[in-house]
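Those letters in the sequence shown? Residues -19 to -1, 1 to 105, by mature numbering (1 follows the signal peptide of the UniProt record, and there is no 0).
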Amino acid sequence: MRSALLACTFLTLFTFTSTIDCYKGFRGPGRYKNTTTTCHGNNYCYIITAVPHGGRYYALFGCGNDDELKSVTKNHFCGGVVKTGKTDTNGTYEVSCCDKDFCNSSSGVFSLLNAFMALKLVFM
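Shown next, in the form of structure tokens:
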């Protein structure tokens, strides 16, 4: 009886820790799609933000192992909590991976963007 209870507890714990709920969708000029999804096989959500030099804002967000993320980042996926960005001749880009349910929320998108742009203005 104890081993059955232990096995059920272990399976419940494993199931609980192997999924994360994320927002999935995109945002661009005049376009917005935002749904929720439960991610399996990867415990991270991602958000990619881009502001080309034309000034329009774009974001793509979803599960840390999505094909969309891999195609945009040349086969990279979220394997940890990271935040990285760059500015080049095309604009400013940022990729963030997080490990809490709905941590890639669209409201978080704007706060990330605002923080990044504020830092950019400070260091100009």
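Just so you know, even glycine gets a beta-carbon here, dropped at the ideal spot from N, CA and C.
Being a predicted model, the structure only gives us computed values, none of them experimental.
Check, Outcome
"C-beta contact flag for G11 and Y27 at 8 angstroms", "no"
"Proximal residues to T19 (C-beta, below 7 angstroms), its chain only, five neighbours per side dropped", "T(-1) and D2"
"Beta strand (DSSP E) runs contained entirely in the segment 6 to 86, provided each spans 3 or more residues", "12 to 21, 26 to 33, 39 to 44, 63 to 69 and 72 to 79"
"S77 to T17 span [Cα, whole Å]", "18 angstroms"
"Beta-carbon proximity of H34 to G72, cut-off 8 angstroms", "yes"
"Reference K14; option with closest CA among Y25, G43 and T65", "G43"
"Alpha carbon of F58 to alpha carbon of T70, nearest angstrom", "24 angstroms"
"Pick from G36, V53 and Y25 that is closest to D82, judged by C-alpha positions", "Y25"
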